[in-house]
Every structure is written in C-alpha cells, then in structure tokens.
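Everything below concerns the one structure shown next.
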Amino acid sequence: MSSQFTGILLYDGDCPFCSAASTAMRQLEGVGVVSWDEPAAQAFLEAQFGDVPFALFFVDSEAETVWAGRAAATELCERAGMPVLVQDIVDENYERVADAIQSVMGTDREIDPYHDAYPLADDAAALFDDVAANASRTHVPDSA
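For the sequence shown, numbering that gives the first Met the number 0 gives the first residue as 0, with consecutive numbering after it.
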C-alpha cells in the first residue's frame, strides 16, 4: 500500500507548540500529521530508535530522514517557507519553549534530548505506510 503522504509529523496532540506546528503544515502538500501516542507512531519510533522517545519528529520517506526535536521544528519552518528570523528563533529557543509549555500545562513528562537529523532505519521505513495510514491531511488545496 502506498501512502498519499511522503512526509509525516509525529507530534504531541496535547502540546500547543506541537499543535501549532501541525497547523503550519497545512501549506505542505504530501505531509500528514499523526499523534505521538498513536500505536503506529509508537511502533515506528521503536523501530527507528530502539526506544520510544518523547519529542517532535518529522519523517520524510523520500529523503530517508527523520528529524527530531529542534531539528524537526527547524526543518518544518524551512519547508513551510517561514522567514529565516522565525527559523532562527525556533532553533535557538526550542528547549525554552518546550520547558515553558511543560510548566504551563503542568505535565511531568520530560522531552527527550533528540535534536538531530537521523537516517531512516530500514525497520522504521518498513512501517512508514502504517504510520501514514493513520495520518490526517494537513494540506488545504487552493480553491481557484
């Protein structure tokens, strides 16, 4: 089964920052969003990292790359065409924003320190279509 999505954002649906990132993805055709706690997302992360880290993840099956944490937020900003200033602010303040949201939300769950681009592992790549099958469409087509 081939997915309509080539990119997937795995995010915490309870986090306002992550939810805003998922909304920003509406500009990108071919990108879907899946909640971090979705069983298919959990299986994917286990296959990719040998663990289920809690962070923001962006997976691009064509680039065969998984961006995590700060790197995911920065990649999403770049792809969404955000100004460089916004990209720099997101990159430099990712942890502070995450900590502030954690404090406001009263959650005790720590964000795991994954902040790089990782090659897509073969075992995780094999699960991409399963994750994509659970994705919501974010692209809003032009009504021209």
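In this text, a Cβ means the ideal position worked out from N, Cα and C, and glycines have one as well.
Exercise. In whole angstroms, what separates the C-alpha of residue 62 from that of residue 131?
Worked result: 15 Å
For this session: Check the C-beta distance from residue 40 over to residue 57 and give it rounded, since I have them as a contact under 8 Å.
Result: So it is not a contact: roughly 12 Å between Cβ atoms.
Exercise. Beta carbon of residue 46, beta carbon of residue 114: below 8 Å?
Worked result: At a Cβ-Cβ threshold of 8 Å, residue 46 and residue 114 do not count as neighbours.
Exercise. So what does DSSP say about residue 64, is it helix, strand or coil?
Worked result: strand
Problem set entry | 8 Å Cβ cutoff met for residue 116 and residue 32 | no
Problem set entry | Reference residue 112; option with closest CA among 51, 125, 119 | 51
For this session: Taking 8 Å as the cut-off, decide whether the C-beta atoms of residue 60 and residue 124 are in contact.
Result: yes
Exercise. Among the residues of its own chain, which have a CB less than 8 Å from the CB of residue 122, if the five just before and after it don't count?
Worked result: 46, 47
Problem set entry | Nearest-angstrom beta carbon gap, residue 110 and residue 54 [assumed within contact, 8 Å] | The beta-carbon separation of residue 54 and residue 110, rounded to 6 Å, stays under the 8 Å limit for a contact.
For this session: Using three-state DSSP, classify residue 9 as helix, strand or coil.
Result: strand
Exercise. Can you list, in chain order, the residues of its chain whose CB lies under 8 Å from that of residue 29, leaving out five sequence neighbours each side?
Worked result: 3, 4, 5, 6, 138
For this session: Would you kindly work out how many angstroms separate the C-alpha atoms of residue 34 and residue 11, rounded to a whole number?
Result: Between residue 34 and residue 11, the C-alpha separation is close to 6 Å.
Exercise. Apart from the five residues just before and just after residue 44, which ones in its own chain have a Cβ nearer than 6 Å to its Cβ?
Worked result: These residues qualify, in order along the chain: 51.
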